[in-house]
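Down below is the structure, laid out as structure tokens.
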Amino acid sequence: IIEVYAEPVFKSGTRTGTILVHRDITKEHEVDKMKSELVSTVSHELRTPLSSILGFTELMLERELKPARQEKYLQTIHKEANRLTNLINDFLDLQRMEANVQTYHKTSLDLKELVIQVVLRFEPNHPQHQFIIRDLANFTLVWADSDRMEQVLTNLISNAVKFSPEGGRIELVLTNKEDTLHVHVTDEGLGIPETELTKLFTKFHRIDNSDRRKIGGTGLGLPIAKEIMEAHSGRISVTSMLGEGSTFDISIPYEKQMSLLPISTIQPN
Ligand code: ADP
Numbered sequence: 547i548i549e550v551y552a553e554p555v556f557k558s559g560t561r562t563g564t565i566l567v568h569r570d571i572t573k574e575h576e577v578d579k580m581k582s583e584l585v586s587t588v589s590h591e592l593r594t595p596l597s598s599i600l601g602f603t604e605l606m607l608e609r610e611l612k613p614a615r616q617e618k619y620l621q622t623i624h625k626e627a628n629r630l631t632n633l634i635n636d637f638l639d640l641q642r643m644e645a646n647v648q649t650y651h652k653t654s655l656d657l658k659e660l661v662i663q664v665v666l667r668f669e670p671n672h673p674q675h676q677f678i679i680r681d682l683a684n685f686t687l688v689w690a691d692s693d694r695m696e697q698v699l700t701n702l703i704s705n706a707v708k709f710s711p712e713g714g715r716i717e718l719v720l721t722n723k724e725d726t727l728h729v730h731v732t733d734e735g736l737g738i739p740e741t742e743l744t745k746l747f748t749k750f751h752r753i754d755n756s757d758r759r760k761i762g763g764t765g766l767g768l769p770i771a772k773e774i775m776e777a778h779s780g781r782i783s784v785t786s787m788l789g790e791g792s793t794f795d796i797s798i799p800y801e802k803q804m805s806l807l808p809i810s811t812i813q814p815n
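Counting from 547, one number per residue, gives the positions in the sequence shown under full-length UniProt numbering.
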């Protein structure tokens, strides 16, 4: 998009010509469009849980309700308030990361231990899924922010659980490739249409069909995971077959440390 405006040129009081100024405003236009899309998505995402909270509290205030019904309404209110909290937290996280003001507390971290911890946390709450960890890596130490890596793993595993049937297997595989450590999270779930694959890491992008709409979420988990992996010089990618399942792959440079060699390989003087 080009904006053109005319600037008259005067010499000794008489107009001698015109300068045409061309300015490419495509970028500004795109930014404006993105901002207004964002505002409308955010307001929709905020309004939906809020109107349900308002509706149910009004019902409870206006009517004499049986305890069982009261409890059901309270549970809905609680669920919707939680959804709002998650949305706001995710949204603020992502804003901070995109503005490069997120601070990362990186330490030497054994990613294998973290994978095990996160899976142990999921297992009791999802007995209908089968979790498998396969460690095929020689080096599992990375330089990373433990809380943030936990956030990435939690998001990938919770998506794998959400979008796959009961009884489905969720497999986590650790491997080394050149200088990186990879963690693949594979599920046997709904899968993702090919046309959607590249859009998944865009804010608020949720695949729109009736199977998925009833599954809760903010559409911010994967963009946050991408920001976190990039802040660790790492990457995230996805492969999937519709109806068969998906594999999300994160990779991060591993730490090479002499001190980690087994004692027997260190030569005495
Ligand atoms: P959320 O899960 O909160 O909607 P995400 O950014 O984590 O947001 O995921 C965006 C969308 O990507 C989801 O709504 C879903 O449609 C799709 N998706 C993510 N992970 C999977 C998966 N393992 N299987 C199928 N679809 C997935």
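Ideal placement from N, C-alpha and C gives every residue a C-beta, glycine not left out.
Asked, Found
"Start and end residues, alpha helix (DSSP H) containing glutamine 641", "613-644"
"Nearest neighbour of aspartate 754, chosen from Pro769, Gln676, Met643, Ile738 [CA to CA]", "Ile738"
"For threonine 686 and residue 490, the rounded distance between their alpha carbons", "A query on residue 490 cannot be resolved here, the shown segment of the chain reaching from 547 to 815 and no further."
"Close beta carbons around isoleucine 761, own chain, < 6 Å, minus the five adjacent residues each side", "Lys708"
"C-alpha gap between glutamine 663 and glycine 601, whole angstroms", "40 Å"
"heavy atom of ligand 1 below 7 Å from asparagine 684 C-beta", "no"
"Any non-hydrogen atom of ligand 1 closer than 7 Å to isoleucine 738 Cβ", "yes"
"Strand pairing of glutamine 676, partner residues [DSSP]", "Arg715"
"Segments of 4+ residues assigned as alpha helix (DSSP H) that fall wholly inside the region 678-739", "692-708"
"beta-carbon isoleucine 753 near ligand 1 non-hydrogen atom, thresh 7 Å", "yes"
"Glutamate 553: first and last residue of the uninterrupted beta strand (DSSP E) it sits in", "548-557"
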